[in-house]
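Scroll down for the structure; my scribbles are underneath it.
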Amino acid sequence: MTLIIPFDNTYARLPNSFYARQAPIPVRAPQLIAFNEDLARVLRVAPGDVHEMAEAFAGNTLPDGSEPIAQLYSGHQFGNYNPQLGDGRAVLLGETVGNDGVRRDIQLKGSGPTPFSRQGDGRAWLGPVLREYIVSEAMHALGIPTTRALAAVETGEVVLRKGPMPGAVLTRVAQSHLRVGTFQVFASRGQFDSLRQLTDYAIQRHYPQAKGPMGLLRAVVQKQSELIAAWMSVGFIHGVMNTDNSSIAGETIDYGPCAFMDTYHPNTVYSSIDRMGRYAYSNQPEIAVWNAAQLATALIQQVEDKQAAVEEATEIVHAMPDLLQENWQARFRSKLGLSISEEGDEGLITDLLVRMAQNQADFTNTFRALGSDTARAQFTDPAAFDTWAEGWKARLQREDDPFPVMAAANPAFIPRNHRVEQMIEAAVQGDYGPFHRLNRVLAQPFKEQPDEADLKRPPTQSEVVHATFCGT
Ligand code: AMP
Ligand code: MG
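Everything in the sequence shown is counted per the numbering used here, starting at 842 for the first residue and increasing by one.
Below is the structure:
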């Protein structure tokens, strides 16, 4: 068996100011942890033997047709503009067109220093690699647009973080790695020809029906609105919604200190670096609008008729809160089993959420339990649920078949933080059992799996994860 990746690269055809040519830096003793066969089939990647795949997905050998590059971008980090970021610990091997006709990037993350590494070592440790593998694949199974994981390897080398940690490399697959920050870098440098070229490229690759920079903005705003609403509907907190982590294709990208909420509270923050709570759960829609405004600002720079472009961009960005709200409502209506839309639905949803917050209800388990009689038990004061449920049950009378709608919108299984942490701890000790188990169970999040019911349990006091850390 020989590993074959049918590369068909386009980004490497763009001017060389868009990237630096950079091969991955070999590692000492790569070991394959996981290879995603289902995804490989979609990508038309033919698996090789284990040793060969370990070498390739560690970056020790380059599969035929790959043209490794580190991409240039910049971005706002926690609201402050950083004029140059770029792939500091990743290289794009190239692109493939899958059997679904979709073009995707294949990128190694943790593959060694690049010209964009600044003071970083270009490496990743095992924890964030496994976290991204599990959480991104879980997101995909939940039906939420996301980058995916094709492979993970241990490098056999040590990286220094809190202490010496085992090194690892993730093979990440994305519809592209174009970010808001990819536009910002050319706009802020006044490189308008490059900005135009990038805009044309993004339109052709992601939104061929879009017309011009403002058409692209409109399309991204639509996609981002759907995405953030989807996050909200599963209690997902991205943690670092910087503009360099905001995908033009509208996928969830750059899983760092991300987390799914256990107990519902709108102000929940996990990221240890987010001291002000900028990227708290309930702030995510507002931040998505802020990021869209940054994209608008960048895109406008290339337009001759600034006045008209500013007006159109303003209209598009100002319409985004309503778009987000519509998408949010659609998602949460489904969670309550509501297929038709009625005037009072928003109030019904927010009333439930307020009561959940007041009663320390588990986000995932409460919604999942709506289809049974156990939801009230999620509330410290079950009567708070009962009085809400009277109105809800009256509303359900006007629905044909609400239970299948709920079952398809309310997962039984999410990657709970304490399980992810336990999985990482085991892996560091060489036990990949919990990793494979999580991966298997989370592939079918809407299916009851009675033997795995312990993975539905919220953390005990001692298991609660209070802070999550960046992958750096
Ligand atoms: P992130 O917070 O993961 O979005 O990364 C922000 C920036 O820091 C990007 O330009 C990364 O490439 C860079 N970066 C993060 N970790 C490292 C590392 N270990 N070595 C070099 N660059 C890094
Ligand atoms: Mg990033």
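Every residue gets a Cβ at the ideal spot worked out from N, C-alpha and C, and that includes glycine.
Treat the numbers as computed from the prediction; the structure is a model and nothing was measured.
- Gly-1008 and Trp-966 do touch by the CB rule: their CB atoms are close to 6 Å apart, below 8 Å.
- Where Val-1158 is concerned, the enclosing alpha helix (DSSP H) starts and stops at 1147-1176.
- Under the three-state reduction of DSSP, Arg-882 is assigned to helix.
- Under the three-state reduction of DSSP output, Arg-1236 falls in the helix class.
- Cβ atoms of Val-932 and Leu-913 stay farther apart than 8 Å, at about 13 Å.
- The beta-carbon distance between Leu-971 and Ile-1190, rounded to whole angstroms, is 34 Å. This is too long to meet the 8 Å contact definition.
- When the alpha-carbon of Gln-1016 is set against those of Ser-1066, Asp-905, Leu-884, the nearest one is in Leu-884.
- Contact between Met-1247 and Lys-1176 is confirmed by a C-beta separation of about 7 Å, below the 8 Å threshold.
- By the Cβ rule, the stretch 1139-1153 does not count as touching the stretch 1202-1209, because fewer than three pairs are nearer than 8 Å.
- Using a cutoff of 7 Å, the CB of Asp-962 does not count as near the ligand MG, since none of the ligand's heavy atoms is closer than that.
- Following the DSSP letters along the chain, one finds Arg-1278 in no beta strand (DSSP E) but inside the alpha helix (DSSP H) bounded by residues 1274-1282.
- Closest in C-alpha terms to Gln-1125, from the list Phe-1077, Glu-1167, Ala-881, comes Phe-1077.
- Of the heavy atoms belonging to the ligand MG, at least one sits nearer than 7 Å to the Cβ of Asn-1086.
- Secondary structure at Thr-1221: coil, using DSSP grouped into helix, strand and coil.
- Checking the 7 Å criterion, the Cβ of Asp-1095 is within range of a heavy atom belonging to the ligand MG.
- Under the criterion of beta carbons closer than 8 Å, Gly-1097 and Leu-1068 do not qualify as touching, at roughly 17 Å.
- One Cα belongs to Gln-1045, the other to Ala-1216, and the distance between them is close to 47 Å.
- Around the C-beta of His-1079, 16 or more other C-beta atoms lie within 10 Å, and the residue is accordingly described as buried.
- Put simply, the backbone Cα of Tyr-922 is about 28 Å away from that of Leu-934.
- Taking C-beta atoms as the reference points, Leu-1058 and Leu-1136 count as a pair closer than 8 Å.
- Between Glu-1304 and His-1259, the gap from beta carbon to beta carbon is short of 8 Å.
- About 18 Å separates the CB atoms of Val-994 and Val-976; that is not less than 8 Å, and the two are not in contact.
- Looking only at Asn-1251, Tyr-1273, Pro-1300, the smallest Cα-Cα distance to Ala-982 is reached by Asn-1251.
- In the DSSP annotation of this structure, the continuous segment of the alpha helix (DSSP H) that includes Ile-1128 starts and ends at 1125-1141.
- The C-alpha of Gly-1271 is placed about 20 Å away from the C-alpha of Thr-1012.
- Bridge partners of Glu-995 according to DSSP: Gln-872, Ala-1009.
- Asn-877 is classed as buried because its beta carbon has at least 16 other beta carbons within 10 Å across all chains shown.
- Of the heavy atoms belonging to the ligand AMP, none sits nearer than 7 Å to the Cβ of Arg-1002.
- Secondary structure at Ile-1255: coil, using DSSP grouped into helix, strand and coil.
- A straight line joining the alpha-carbon of Gly-963 with that of Arg-944 spans about 26 Å.
- Assigned with DSSP and collapsed to three states, Glu-1266 falls in helix.
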